[in-house]
Amino acid sequence: MQAFSFSKAPLEPERYRDSLADAGSGGYASFEGWVRDHNEGKHVRHLEYEAFESLAIKEGARIVQEAIERFGVNQAACVHRVGDLAIGELAVWVGVSSAHRAEAFAACRYIIDEVKHRVPIWKKEHYTDGDSGWVNCERCAVPGHDHALQHGGHVHHAHEAQASPAFSHDYSRQSALPEVGAIGQARIRAASVLVIGAGGLGVPVLQYLAAAGIGRIGIVDGDQVEASNLHRQPLFGIADVGQPKAQVAAARLADINQDVSLEVHAVHATADNVDALVAAYDLVVECSDNFRAKFLVNDAVVRAGKPAVFASVYQYEGQLQTYLPREDWPCLRCLWPEAPRDGLVGNCAQAGVLGPVPAALGALQAMEALKLVLGLGTEARPAVHVFDLLHLQWRTLRASRRVDCDHTPRSDASGRNDTKFNEEDLELEFPDLAAALAAGLTLVDIREAWERDHDAPGQRIEMHLPLSLLLDGRAPPPPQGPRYLIVCAHGVRSLGLTGHLRSMGYRDVYSLRGGLAALSA
Ligand SMILES: [Zn+2]
């Protein structure tokens, strides 16, 4: 029989059991969930089950397969009733055959618990007072309450006492929207979203997506929490400084909503890992603070044919753009054929920002992501939305696909060839500063003075030209002649300055790729 199926007709547990009969099995355990006549103090006359079937069958089959693998049982299956059910009728059946009884019980228990939690099925209860109401599946998934709430639970052979119930996440205020409803909530639950960057944009994106009940969220961030992050990333606190952001964020989000499966990727998105990361999720929300990452992600989602939501902020201004994998839809490269140089555009470290600016843009990104998951706003036309939060103005710039953009990445200017001093390269990679010195480079530290305070004595770079002084002319650029390696914290400002110096006629100047953060400790 099928691992997971629906039946409009009354269930036939004997027939199902026979189909699981197996000569190698010493035991069989089953669970039957029955419709009972009361729920939360109300008398129930009958009820209806409705499922989002294509999605439910896929998820149900996955659960059964997980149980077979996890507990090493021989066979397992689950059948759920849909349509109108009378009191006393069988609503759901789970059966497991196995060599040993303990595994059979455990697998049976696992399947019914996971089905209630993960499979989009709802019931509408009809009460004796004539009233009726849809009971959100989430509410039926309260640990320890599931049998009692959903059915007159009855376990053949096995029933273990469960832990005392916790409060479940309540989605009623969003599922009350006609565009969301039970089906929409199931789509949210079934969705997986990759959030790249847990910073000023990423924090509100993560908070709202987790709170909304997105089933699986991947958090990509290779940085640690810094004290300077806190004013715009209030998911983090003083005690988190120095801790990996992705991990701290996951712990906080788990507190917000236990329904969400959180996956920590404590790495920077790079050319080597971005395709694998993007492949594992339905959609991507790009929340990094630099354009190199945005174009890296753009190219990956174009290759993978996945939707993505991009945003960026600069001082009091923010931009928002959604990419859809459609023939007529522009990608980031259609709009900016020459990728903006990082650092020239500015980032938060250099340009300064008030916390609510990235927060507003991040909230918009979360909204766009939920709309994509729910299939709302599909009539939208491609556009770049520009928000000026200082003057409270919002412009919508029409965007269209460029015929001369093949939607594929052009060769990366930073290159990956082994010729170290190719002028085509703007960036160079080194394992440590000693290797850069050994290669004959003169190091220039362009960080601000306060950023150097915590450097280890051996890490101190002699030539210090803070970018703020260079940019406003208070310090002269370094003399031409030596072959320079420009160094900053993450390689963003240094890349910008390198491009700037090249445009001023410096030929032999490079940026340390990834900055000091990328060097081995
Ligand atoms: Zn394009």
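Using the working numbering, read the sequence shown as starting at 491 and increasing by one per residue. Even for Gly, the Cβ is constructed at its ideal location relative to N, Cα and C. As the structure is a prediction and not an experimental result, all values here were calculated from the model.
Classification of residue i by the beta-carbon crowding that lies within 10 angstroms, buried from 16 upward
| i | result |
| --- | --- |
| K1020 | Outside the modelled stretch of the chain, which goes from 491 to 1011, sits residue 1020, for which no answer is possible. |
| D730 | buried |
| P796 | Note on residue identity: the sequence assigns Lys, not Pro, to residue 796. It counts as buried. |
| Q565 | buried |
| D922 | exposed |
| L699 | buried |
| T932 | buried |
| Q970 | exposed |
| R964 | exposed |
| G981 | buried |
| R820 | Correcting the residue type first, residue 820 is Pro in the shown sequence and not Arg. Buried, since its Cβ has 16 or more Cβ neighbours within 10 Å. |
| A717 | exposed |
| T868 | exposed |
| L882 | exposed |
The beta strand (DSSP E) enclosing residue i, as first and last residue numbers
| i | result |
| --- | --- |
| Q565 | 565–571 |
| A519 | 517–524 |
| K532 | 532–541 |
| L773 | 773–776 |
| K614 | 611–617 |
| S802 | 798–804 |
| A873 | 873–878 |
| S587 | 580–588 |
| V710 | 706–710 |
| G808 | 807–813 |
Beta-carbon spacing of residue i, residue j below 7 Å
| i | j | result |
| --- | --- | --- |
| R973 | D935 | no |
| L955 | L975 | no |
| L743 | V764 | no |
| V768 | A790 | yes |
| W583 | E504 | no |
| A581 | L575 | yes |
| L510 | S587 | yes |
| G842 | L691 | no |
| A688 | A736 | yes |
| C978 | G1004 | no |
| L545 | V683 | no |
| L957 | R983 | yes |
| A594 | I686 | no |
| C895 | R823 | yes |
| E858 | T886 | no |
| V738 | I709 | no |
| V757 | Q723 | no |
| R892 | D818 | no |
| V792 | V847 | no |
| G703 | Y661 | yes |
| I601 | I547 | no |
| G845 | H721 | yes |
Where the alpha helix (DSSP H) through residue i begins and ends
| i | result |
| --- | --- |
| A596 | 591–608 |
| H990 | 982–993 |
| F781 | 781–794 |
Cβ-heavy atom distance, residue i to ligand 1, below 6 Å
| i | result |
| --- | --- |
| R793 | no |
| C568 | no |
| C895 | yes |
| R823 | yes |
Beta-carbon contacts of residue i that lie in its chain and below 8 Å, excluding the five residues immediately before and after
| i | result |
| --- | --- |
| A541 | F496, H570, V572, V609, P610, I611, W612 |
| S751 | G705, R706, I707 |
| R507 | Y518, S520, G585 |
| V534 | V525, R526, D527, H528, I577, E615, H616, Y617, T618 |
| A597 | A519, A557, I558, R560, F561, V563, A566, V586, S588 |
| I746 | Q697, A700, A701 |
| Q714 | V731, G732, Q733, P734, K735 |
| A926 | L918, F920, L933, L975, L1002 |
Sequence-distant residues of its chain with Cβ nearer than 7 Å to residue i (five each side left out)
| i | result |
| --- | --- |
| R677 | V863, L864 |
| V874 | Q809, Q811, L825, L887, A889 |
| L880 | Y806 |
| M491 | Y506, S509, A567 |
| G712 | A756, V757, H758 |
| L537 | V525, L575, K613, K614, E615, H616 |
| G516 | A589, H590 |
| E941 | A979 |
Cβ-based neighbour list, residue i, same chain, cut-off 6 Å, excluding 5 preceding and 5 following
| i | result |
| --- | --- |
| H649 | With a pLDDT of only 30 at H649, under the threshold of 50, the placement of this residue in the model should not be trusted, and no figure is reported. |
| Q855 | V695, V775, V799, A801 |
| D943 | none |
| W884 | F877 |
| L918 | Y1000 |
| L1009 | D922 |
Contact test: residue i Cβ vs ligand 3 heavy atom, cutoff 6 Å
| i | result |
| --- | --- |
| D765 | Of the ligands this structure carries, namely ligand 1, none is ligand 3. |
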